[in-house]
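Let me begin by presenting the structure, written as structure tokens, before commenting on it.
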Amino acid sequence: MTAGRPPLSYDVFTAPQAPFSAPPPRVGDPPAWDPKTSTLIFGARDAVLVDALMTVAEATALADWIALHQRQLTTIYITHGHADHFLGLPVLLNRFPEARAVASPGTVQQMREQSTPQVLDNRIRARFPGQIADTVTLAEPLDTGHFELEGLPLEVIETGHTDTVDTTSLHVPDLGLIVSGDVAYNHCHMFVAGTTPASRAEWTAALDKLAALNPAAVVTGHKDPTQGNPPSVLAESRGYLEHYGQLREAGLPDQDLFDAMVTRYPDWVSRQQFLILG
Ligand SMILES: [Zn+2]
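Using our numbering, you'd call the opening residue of the sequence shown number 1 and step up by one each time.
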């Protein structure tokens, strides 16, 4: 931080758990999407948003909240290509037309693949009928691994295959802050259903890469809204992956695997079959 300049700040918006239409699951809670976060990082005049939420109602509430901060929104950074982190973009860009949506080239490619009409209709619109914007807006690919907020660097950390491929986190050195996207979760069951031993090893390495930055705070893409943003979520997420991997490799039947995870993590939110078993 340069002497005399006001420090950056950040604030976190959490969209609550969102029930959705689906056949009843075999195990766990009734179908609901886990609580999602969007983080505003701001200086004296400008602001950067990380992730854009999913439904029109969520993005509209988020836009109102951003406006309360009375900063110029210059950039919206998307951490990875999952629809729950970027389908709110058209609503936000309509409200803040000066802002530019950006992401890593790998994330932009994933956004494109995960927002084809077929994928969106099957995975998202069927679950949230009438709640998703008609248009899809992609981010522009960043040609460098960083961008700026009021002259201070925001660094893209490439985290590879975590809960999907080509994921990233955003590091704000001046704040000791990492906005992790879905690389880490905060007291919320993790989307581990599609993982393999190799992908869990890559995910664990990504958590270690973030921990090596020695952050003071970590905002995760999904969290229990009652929790703060401590860096301990990195070690907790690592432990969750390890425990899940051991049970999977032991060949536990689905029902037993699910029961073992919710028993081990009794206070974690979003006890959803689709996250743990698919
Ligand atoms: Zn997510």
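All residues carry an ideal CB built from backbone N, CA and C; glycine is no exception.
Residue i vs residue j beta-carbon contact at 7 Å
{"i": "L154", "j": "V172", "result": "yes"}
{"i": "T39", "j": "Y10", "result": "yes"}
{"i": "L93", "j": "M111", "result": "no"}
{"i": "T60", "j": "V91", "result": "yes"}
{"i": "R271", "j": "G28", "result": "yes"}
{"i": "P25", "j": "Q273", "result": "yes"}
{"i": "G289", "j": "G221", "result": "This structure cannot settle anything about residue 289, because the visible part of the chain is limited to 1 through 278."}
{"i": "L277", "j": "F258", "result": "yes"}
{"i": "P225", "j": "T14", "result": "yes"}
{"i": "R269", "j": "V219", "result": "This sequence places Val at residue 269; Arg is not what is there. No, these two residues do not count as a Cβ contact at 7 Å."}
{"i": "D143", "j": "T107", "result": "no"}
Of the listed residues the options, nearest to residue i (C-alpha basis)
{"i": "P31", "options": "Q17, G130 and P7", "result": "Q17"}
{"i": "F128", "options": "P19, Y10, W268 and T263", "result": "P19"}
{"i": "I157", "options": "L275, R264, F96 and P215", "result": "P215"}
{"i": "H69", "options": "D46, I76, E58 and T60", "result": "D46"}
{"i": "D64", "options": "W33, D34 and F96", "result": "F96"}
{"i": "R264", "options": "Q109, H187 and D34", "result": "H187"}
{"i": "E150", "options": "L277, V48, N229 and R26", "result": "V48"}
{"i": "H189", "options": "P35, A22 and P24", "result": "P35"}
{"i": "G145", "options": "Q131, A212, D121 and L170", "result": "L170"}
{"i": "T75", "options": "F147, A260 and I276", "result": "F147"}
{"i": "L175", "options": "T195, T168 and L213", "result": "L213"}
{"i": "I132", "options": "F42, N122 and P266", "result": "N122"}
{"i": "V282", "options": "T226, A211 and E113", "result": "This structure cannot settle anything about residue 282, because the visible part of the chain is limited to 1 through 278."}
{"i": "L120", "options": "V108, D134 and Q109", "result": "D134"}
{"i": "F42", "options": "L73, S21, A22 and Y185", "result": "L73"}
{"i": "L177", "options": "R200, L210 and S199", "result": "L210"}
{"i": "V192", "options": "D254, A44 and A217", "result": "D254"}
{"i": "A99", "options": "E140, T196 and A217", "result": "E140"}
{"i": "A44", "options": "E58, L152, A217 and A260", "result": "L152"}
{"i": "A206", "options": "Q109, Y185 and K223", "result": "Y185"}
Contact test: residue i Cβ vs ligand 1 heavy atom, cutoff 6 Å
{"i": "G194", "result": "no"}
{"i": "G81", "result": "no"}
{"i": "G88", "result": "no"}
{"i": "G43", "result": "no"}
{"i": "D182", "result": "yes"}
{"i": "G278", "result": "no"}
{"i": "D84", "result": "yes"}
{"i": "G239", "result": "no"}
{"i": "G221", "result": "yes"}
Proximity test, Cβ basis, 7 Å: residue i and chain B
{"i": "L247", "result": "Reference to chain B is not applicable here, since this structure consists of a single protein chain."}
At least three beta-carbon pairs within less than 8 Å, the segment 73-89 to the segment 41-53:
The segment 73-89 is in contact with the segment 41-53.
Say whether the segment 101-111 touches the segment 231-246, bearing in mind that this needs 3 or more beta-carbon pairs closer than 8 Å, one atom from each stretch.
no
Is the segment 73-80 in contact with the segment 159-175, if contact means three or more CB pairs nearer than 8 Å?
Contact between the segment 73-80 and the segment 159-175 is present, because at least three Cβ pairs lie under 8 Å.
Indicate whether the contact test is met: 3 or more Cβ pairs, each with one atom in the segment 217-234 and one in the segment 248-261, closer than 8 Å.
no
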